[in-house]
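Undergrad:
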Amino acid sequence: FSPGMLETHRWNPFRAIRRDALWRLGDLRTMASSLYVPDNEKNASWFVKAGNIFVAISLFIIETEDEYPLTLPQVYEIASLGAQLGVWAQREIDERSSKGKPLSDETVREMTMIVSESKSKDFATLVGFLTPRLAIYGEKTVALALTESDNPAENIDFSKLREEATTVYFCVTEGEMKKFAPLMNLFYSQAIRENSKVMPEHGGHCEDGSLRLKHQLLFLMNEFAVMKRIEVMETAPALSRGAGLRFLIIFQNEMQLCANDCYGKEGGKALMDTFHINIVFAPGDIEAATAYSKRLGTTTVKVPSDNAGISDGQRRSRGRSWTLQARPLLLPQEVDDLPYQDELIFMSATDKTPKMKIRAKKIMWYKEKIFQERADTKIYPLPVVPTGDPEKLKGMVKSVVKQNQSLKLARPQGDDILKEKSRRERADVPQVNNQK
């Protein structure tokens, strides 16, 4: 999945939204929580309000799916109305009601909230939180990637990941990581939730009697902290093991996770505690190195002590004694100075293995024959990736701006001035000539 390129499989996040009125509002709010993650506590209420507008627009599109495509690019098309959002929402409510095709009470309620917010003096600020998170969906390649293909083989279906042995890559360049961070957040959130609803033993059986959900699923997330707070990750590593989900996250240091715009100090620590294995490289930070040094604990060493004395007979005596003292297994500076090829592994205890702390050598994949073979495209050819047709981009989004509305321009002199002049210059009143 490469949203920045034409060469990509497709994924429509709205595919996971249930259309039943019993579930759709909750599903949309869950989706909004992944797109509108607060960057700090002070702005939290603004992100909540922006998420509410997103939900209202999405509900409208669901009920008018025969007119508008249910995609994130279409949501952005409507949200980009900006200050006119309230006018648009009221117009849609009134026009559809007058034509005998009223929107549901639920949708009217949520859209009325837009109308109410638009009358506030702070609405421009709210729009500033709403549209930036959706702006990338206005890009053509992104719009293509987030619109379902007519060919089912080109679409990513999260519900099949435990049924069939499948590898899905979310591909972005270094320069695109922050731009696509909210989309990555939503991508992983939906994949995790979709595959943690049903336990393998409750997912049915194949014709041969084997479990339909036979495969475990590993989520390998590099630069994990870039995606900021992923709400479902606060509980998934601890609660989804029975569903066959496994997690491997990679980040620069724990300070990233504990930042206020990520999981916070307590949340970051709680997340780390749910992982049974922690692999650490040379941290390059003495504070982090000190924490790992303390985590490694101490060892007992013999420390010599030399004694010299003079007896009453003026005879010198010397002796050496040994004492047992505690010493850090690795001093902070030793942790910080770990060679490039070394790593520390912290493993929690299981029912089969005790708690372990290991100093090990890294596996350099490019030096191992077995991994070199796996990277050889002659042995393992790259899969075929579908290429999108640029011509199909034109109809993927429909405008909500009324094109037939005429705009009357005022004359340079001003219509009000001309009206007042004509009122005063009555034909039945003779002109007064003041000239002598």
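Residues in the sequence shown are numbered consecutively from 509, following this note's numbering. Don't be surprised by glycine CBs; every beta carbon is placed ideally from N, CA and C.
Answer yes or no: do serine 542 and leucine 694 have a C-beta to C-beta separation smaller than 8 Å?
TA: yes
Undergrad: If you draw a straight line from the alpha carbon of valine 616 to that of isoleucine 525, how long is it in whole angstroms?
TA: When only Cα atoms are considered, valine 616 and isoleucine 525 end up about 19 Å apart.
Undergrad: Determine whether the beta carbon atoms of alanine 625 and leucine 634 lie at a separation below 8 Å.
TA: First, the amino acid is wrong: residue 625 is glutamate here, not alanine. A contact, by the Cβ cut-off of 8 Å.
Undergrad: Please classify isoleucine 565: is it buried, with 16 or more other beta-carbons within 10 angstroms of its beta-carbon, or exposed?
TA: buried
Undergrad: Roughly how many whole angstroms lie between the Cα atoms of alanine 552 and leucine 852?
TA: 38 Å
Undergrad: Give me, in chain order, the residues of the same chain whose beta-carbon lies closer than 6 Å to that of alanine 746; leave out the 5 immediate sequence neighbours on both sides.
TA: Excluding residues within five positions, the ones whose Cβ falls inside 6 Å are Thr782.
Undergrad: Distance, Cα to Cα, serine 510 vs alanine 597?
TA: 34 Å
Undergrad: Please report the distance separating the alpha-carbon of glycine 750 from that of serine 606.
TA: 52 Å
Undergrad: Specify whether the segment 831 to 850 and the segment 788 to 800 touch according to this definition: at least 3 beta carbon pairs, one from each stretch, less than 8 Å apart.
TA: yes
Undergrad: Three-state secondary structure (DSSP) at lysine 944?
TA: Any reading at lysine 944 must be qualified, since the residue scores a pLDDT of 48, below 50, and its modelled position is unreliable; no value is offered.
Undergrad: Just how far apart, CA to CA, sit leucine 638 and isoleucine 561?
TA: When rounded, the distance between both Cα atoms is 8 Å.
Undergrad: Quick check on the DSSP output: the beta strand (DSSP E) that includes asparagine 786 runs from which residue to which?
TA: Secondary structure note for asparagine 786: its beta strand (DSSP E) is the uninterrupted segment 785 to 788.
Undergrad: Tell whether a beta-carbon distance below 8 Å holds between isoleucine 785 and methionine 729.
TA: no
Undergrad: Taking 8 Å as the cut-off, decide whether the C-beta atoms of tryptophan 519 and isoleucine 664 are in contact.
TA: yes
Undergrad: In this structure, how does DSSP classify glycine 827 when only helix, strand and coil are distinguished?
TA: strand
Undergrad: Between the Cα of threonine 743 and those of Glu899, Lys627 and Gly775, spot the shortest distance and give me the residue it belongs to.
TA: For the options Glu899, Lys627 and Gly775, the alpha carbon positioned closest to that of threonine 743 is the one of Gly775.
Undergrad: Between the C-alpha atoms of glutamine 849 and lysine 869, what's the straight-line distance to the nearest angstrom?
TA: 6 Å
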